[in-house]
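Take the sequence shown: its letter number 24 is residue 40 in our numbering, and every next letter is one higher. Beta carbons: idealized from backbone N, C-alpha and C, even for Gly. Report on one structure; see the data block that follows.
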Amino acid sequence: MNRGTSLALIAVLVVALVASVFIQVWVLPAEAASVGAAFPEVSLLVVPGITWGVLAIACWQVAAVFGLRVVVLARQHRFEVAHGWLLAMAGCLVAFLVLVVAAFIALSVMGYTTPGVMLGLIGGGLLALIAIGALGALARFLRAGASSPQYSHD
Numbered sequence: 017m018n019r020g021t022s023l024a025l026i027a028v029l030v031v032a033l034v035a036s037v038f039i040q041v042w043v044l045p046a047e048a049a050s051v052g053a054a055f056p057e058v059s060l061l062v063v064p065g066i067t068w069g070v071l072a073i074a075c076w077q078v079a080a081v082f083g084l085r086v087v088v089l090a091r092q093h094r095f096e097v098a099h100g101w102l103l104a105m106a107g108c109l110v111a112f113l114v115l116v117v118a119a120f121i122a123l124s125v126m127g128y129t130t131p132g133v134m135l136g137l138i139g140g141g142l143l144a145l146i147a148i149g150a151l152g153a154l155a156r157f158l159r160a161g162a163s164s165p166q167y168s169h170d
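Listed below in structure tokens is the structure:
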């Protein structure tokens with residue numbers, strides 16, 4: 017991988033990780049508390065909402081850390097051994113997808129099905145599902161390439 021490209025990817029991932037920690041620790045709790053104060057009917061959802069948000073963000077954070085490892089492997093021209101890391105990233109996104117489905121069911125049962133929340137859950141779930149499929153396909157491709165014999169054209 018080109019040095020400039022790998023440095024750019026590493027920078028983007030590090031900035032995303034720092035921003036997500038800021039959102040996770042400061043923004044999410046403050047916003048949830050303000051919504052709970054403004055709308056007392058949803059005050060019961062503040063603590064579960066913060067917990068869900070922290071866990072959901074953590075799934076993406078761990079996937080980003082694994083992504084950093086994949087970038088380092090690609091930079092070292094060892095991308096063909098990254099299939100395990102790609103599957104680990106997909107596993108983090110599966111955990112996120114489980115959280116999305118659980119939130120969708122819980123909110124539906126409780127009757128808190130505002131369009132913005134539900135569309136956000138559906139969009140996040142679809143994004144995760146597409147990423148899981150892409151990571152799984154890439155990991156299978158790398159694994160198949162690693163197990164097949166290499167032929168030289170010399």
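Between the stretch 96–112 and the stretch 71–81, the count of C-beta pairs closer than 8 Å reaches three or more; the two stretches touch. Each of Val63, Gly149, Leu23 was checked against the Cα of Gly52, and the nearest Cα belongs to Val63.
Taking 8 Å as the cut-off, the beta carbon of Gly152 is found no closer than this to the beta carbon of Ala79. Judged by pairs of C-beta atoms under 8 Å, the stretch 147–161 touches the stretch 97–104, as three or more such pairs exist.
In the three-state DSSP reduction, Phe55 falls in the coil class, being neither helix nor strand. Taking C-beta atoms under 8 Å as the contact rule, Ala46 and Gly65 fail to qualify, at a distance of about 12 Å.
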